[in-house]
Amino acid sequence: MPKTAQNDRFIVSRYSKIASPLLWRPASSSKIEKKGCHPGLTILSVCSLPDPLSMSPQKALETIGNNLQKQYERWQPRARYKQSLDPTVEEVKKLCQSLRRNAKDERVLFHYNGHGVPKPTSNGEIWVFNRTYTQYIPLSIYDLQTWMGAPSIYVYDCSNAGTIVDLFKQFADQHEKEYEQSARNGPAVPPVNTPPPSFAHCIQLAACAPDQILPMNPDLPADIFTSCLTTPIKVALRWFVKQNSAKLVSKISLESIDKIPGQLNDRRTMLGELNWIFTAITDTIAWNTLPRELFHKLFRQDLLVASLFRNFLLAERIMRSYDCSPVSSPKLPPTYQHPMWQAWDLAVDLALAQLPAVLEDETKFQHSPFFEEQLRAFQVWLDLGSDQRNPPEQLPIVLQVLLSQVHRLRALELLGRFVDLGPWAVNLALSVGIFPYVLKLLQSIVKELRPFLVFIWAKILAVDVSCQADLVRENGHKYFLSLLQDTSMPSDQRTLAAFVLSCMVHNYLPGQEIALQGSLVSDCLEQLNDKHHLLRQWLLICVGRLWNNYDKARWCGVRDSALDKLYTLLKDPIPEVRAAAVYALGTFMNSVTQRSEHANNIDHSVATMLLNTVSHDMSPASEKGARGGSAMDRDRVRKLIPLRGSARATRDHPLLLCPSRHCPLHGVCPSPALRH
């Protein structure tokens, strides 16, 4: 399931004394000749507020580093940050080793801002300083790998950055070969706590290809790549204004962009809504472009990694317009011309069109129709699509809509229709990241959501029962217990709740324990007389799974007179209900961990009742149409998930429950515990 690494450690390395502090310039640029970057090349350095040239070099350096750290803190506020400003080789080594030691198996992020220093060498070296800051000293990526370990994230904001990415893999292979060689030449048993280096999980983001230099357009910040990664909305809006200035309303300027009201994390505001739309669109582009496994790795396992790669898609779009191609490892296919970028441009255009009025009166803000239109497109796909259609590209957007109270009900309804198409649809929904959304919605008290949530959860657990662990960990069972206990709810919803709970306790002791504490045994037994046979059937299966190999639940059933209620259902007119009753009684006998005379007496009475009742039930004279309908009965019983996998015991012991081949349970008897 998607996770967030809360203990990630980050290293922010700044090597330039003259660079843009990650903001856009308000006025014309100044011409500055930088030494050491490209001999004989004059670079336009964008100076923005605060202007690094208006302060001392040391103060400017600290300002740049602090700005970068604050921007990363927006994405991962719980992480520890260390700035290494114009460091030496020893300082980098000491800091990297310290962070890796403290981070253990978590990620460490290394951000290299290589403005104002020579470009990376063809031998895979970046540049630091000597102790007196009189000359540049090369630092090999090979050594950096050794100190950083894995897993790690590397960001290279410098010209020819792709060179580092290409050589990183060679150095990683060299590390692994050297380890294998030392293992062969060393002791027979490798030392404990020294696993082989694994750089397969390392992630790299580079500003440009090996043969490219960074854009030198005076309208851009010097560190445009870093700006895209850390302040994507600001960069995207300013780039849009520069690209479309002739088409916008007259009052829109670069200065007005900074006045857009709201907070990035508040979806009710203009700025927050734009950030929300940007997240939905970049997720959609990635999901429709990347292989499923790679999408899950980059966009669903870690919040910071997902944010960086969403913003990387923006960096590719913007920097490609200036003939610069960002590079990543893992390598991503080109996405800068994806049609969903047009949807982003439209959303920005609509927002900027109303900005002058909103700046005068914020109550005039009208929310974007983006999500409503995407839901409509998803509904059209569901209504008109063929059986051999491609997956709906709006699926990641539907998940984002679940965050909105306004559209949540409709989104859940459409999502329920989608997962009802079959296991392939459920797997697609899980791959796009549905699980954390529907898990969090179990905390909602809105009754209107219940029928859709319980239906979606039933579909998920029918396909992937391993989700039971997350359900237990987050106490999600309480939602379904309360639904099952509410007899005013329709029977089909209570049936689905019983199914979900039966999946939660199936062969999973933590689920059984927490369900027993929630009085699931009594809840099931109290409703066994319900007139709806599907509810009776799944209540029996649920309680049978609950006490299977769990002695405490068995004795709870004894105290609640469960056997008498189950005996009655052995004569139920519905074959599936009778089969479920046999299953529940079979697992009841299978749950004894310590045999006693009392337990043996109870099991003996259950076995006697089963033999007398079920053998009579299997008689052709007492079961109307048994010979003609036996195949149909067997097929219906085999569809009951809990009855699978136990045919062998019945065939090996013909004197148990199935003496007649016409029995509806023949071949799928669930009660191997009847062996005496």
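Each residue of the sequence shown is one higher than the last, beginning at 1 in UniProt numbering. Each residue gets a CB set at the ideal place from its N, CA and C atoms; glycine is no exception.
Annotated three-state conformation of GLN405 is coil, per DSSP. Put simply, the backbone Cα of PRO151 is about 15 Å away from that of ASP143. In terms of CA proximity to ILE137, VAL92 leads the group GLU474, LEU528, ASP223, VAL92. Here the alpha carbons of LEU271 and ASN265 stand approximately 9 Å from one another. VAL398 sits away from LEU409, with the two beta carbons spaced by 8 Å or more. Nearest neighbour of ALA599 by Cα position, chosen from ILE574, GLY557, VAL465, turns out to be GLY557. Rounded to whole angstroms, the separation of the alpha carbons of LEU483 and LEU298 is 36 Å. Secondary structure note for LEU139: it is in no alpha helix (DSSP H), and the uninterrupted beta strand (DSSP E) holding it is 136-140. Bounds of the beta strand (DSSP E) holding PHE110 are 108-113.
One alpha carbon belongs to ILE260, the other to ARG238, and they sit about 12 Å apart.
The distance from the Cβ of LEU449 to that of LEU412 is about 6 Å, consistent with a contact at the 8 Å cut-off. Contact annotation, LEU535 with ALA498: C-beta distance approximately 7 Å; criterion of less than 8 Å satisfied. Taking C-beta separations shorter than 6 Å and ignoring five residues to either side along the sequence, the partners of THR230 in its chain run GLN71, following chain order. Note on the stretch 183-264: whole beta strand (DSSP E) runs with a minimum of 3 residues are 203-206, in chain order.
Counting along the chain, ASP157 sits inside the beta strand (DSSP E) bounded by residues 152-157.
Assignment of TRP127 by DSSP, reduced to helix, strand and coil, places it in the strand class. DSSP links SER329 through a beta bridge to GLN204. The residues SER140, ILE141, TYR142, THR163, ILE164, LEU167, PHE168, GLN170, PHE171, in chain order, have a CB closer than 8 Å to that of GLY124 in the same chain once the five nearest residues on each side in sequence are set aside. Listed in chain order, the non-local C-beta contacts of LEU563 below 7 Å within the same chain comprise VAL606, local neighbours out to five positions each way being set aside. Around the C-beta of TRP424, fewer than 16 other C-beta atoms lie within 10 Å, and the residue is accordingly described as exposed. By the beta-carbon neighbour count (other beta carbons within 10 angstroms, threshold 16), VAL426 is buried. Uninterrupted alpha helix (DSSP H) stretches at least 4 residues long and entirely within the stretch 431-463 occur at 434-440, 450-463, given in chain order. Look at THR163 here: in three-state DSSP terms it is helix.
In the structure shown, THR279 falls within a helical segment according to DSSP collapsed to helix, strand and coil. Counting only runs of at least 4 residues, the stretch 289-376 fully encloses the following alpha helix (DSSP H) elements, listed from N- to C-terminal order: 292-299, 303-320, 340-360. The Cβ atoms of ASP157 and ASP86 lie no closer than 8 Å to each other.
Pairing GLU293 with GLY114, the inter-Cα distance amounts to about 32 Å.
Taking a cut-off of 8 Å for Cβ pairs, the stretch 309-317 and the stretch 351-359 do not touch, as fewer than three such pairs fall below it.
For the pair ARG545 and VAL505, the CB atoms are nearer than the 8 Å cut-off.
A distance below 7 Å between beta-carbons, with the five flanking residues on each side excluded, links ASN217 to the following residues of its chain, in chain order: TYR322.
Beta-bridge annotation (DSSP): THR88 is paired with PHE129. LEU570 places its beta carbon less than 8 Å from that of THR613. Within the stretch 453-517, the complete alpha helix (DSSP H) runs of at least 4 residues fall at 468-473, 477-485, 491-505, 509-517.
Look at THR613 here: in three-state DSSP terms it is helix.
DSSP places GLU526 in the uninterrupted alpha helix (DSSP H) bounded by 520-526. Per DSSP, the unbroken alpha helix (DSSP H) holding MET589 starts and ends at 575-589.
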